[in-house]
Amino acid sequence: MHLVWATHGRLPLILPHGEADLYECVRLEATKLRLEVLAIGGIEDHVHLAIRLPATRTIAEIMKQIKGASSHHMSQVSPDGFFKWQEGYGAFAFHTSLTPRIIAYIENQKTHHANGELLAALEESDEEAPLSNNFVREDAGEAWLEARYFNASP
């Protein structure tokens, strides 16, 4: 599962000196949820996370826990005490044959953004998604990706 979520208003709140700390917090929360983390990456306004999703967990509970814990942690260590995520997130299921490509995409986020080499569908969360709450299927030979955008608001 490939998850992506953004800072509140896409503000550049993920500062270089706090990025590793944020990713470690995300990794620790994922471990508490018994998730296998495949990759974590992002830039100053959003995070990508690839995990193996066990049948015993829902995406909603995972995102609530990871976003909640990381927002709380970052608010504690932020110089001005402000850190907030947007309400929703994007979740993308991908065929196992795409795992190396997804991991590379996440681990090289800074390069992709600097060079404008983005996969637009993988950069959107619910607030930016033109197909909000719809599934998207992209075929690439035998490989496939399904996307669903979620908003935590009722």
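Position 59, counted from 1, in the sequence shown is what the numbering used here calls 59; the numbers after and before it change by one each time, with no gaps. The beta carbon of each residue, even a glycine, is placed where N, CA and C say it ideally should be. Quick caveat, the model's predicted, so the values are computed rather than measured.
What are the start and end residues of the beta strand (DSSP E) that includes residue i?
i	result
Glu36	36-43
Leaving out five residues on either side along the sequence, give the residues of the same chain with a beta carbon under 7 angstroms from the beta carbon of residue i.
i	result
Leu11	Asp45
Phe83	Leu13, Ser71, Met74, Ser75
Asp21	Val77
Ala30	Val37, Ile51, Ile66
What are the partner residues of residue i, as DSSP defines its beta bridges?
i	result
Ile51	Val37
His46	Ala6, Ile43
When the distance is taken between beta carbons, is residue j closer than 7 angstroms to residue i?
i	j	result
Leu33	Ile103	no
Ser75	Val26	no
Ser109	Ile43	It should be noted that the sequence gives Gln, not Ser, for residue 109. Contact flag set, yes.
Arg57	Glu36	no
Gln86	His17	no
What residue range is occupied by the uninterrupted alpha helix (DSSP H) comprising residue i?
i	result
Ser75	59-77
Asp21	16-32
Arg101	99-107
Can you name, in chain order, every residue of its own chain whose Cβ lies under 6 angstroms from the Cβ of residue i, other than the five neighbours on each side?
i	result
Ile106	Ala39, Gly41, His48, Ala50
Tyr23	Ile40
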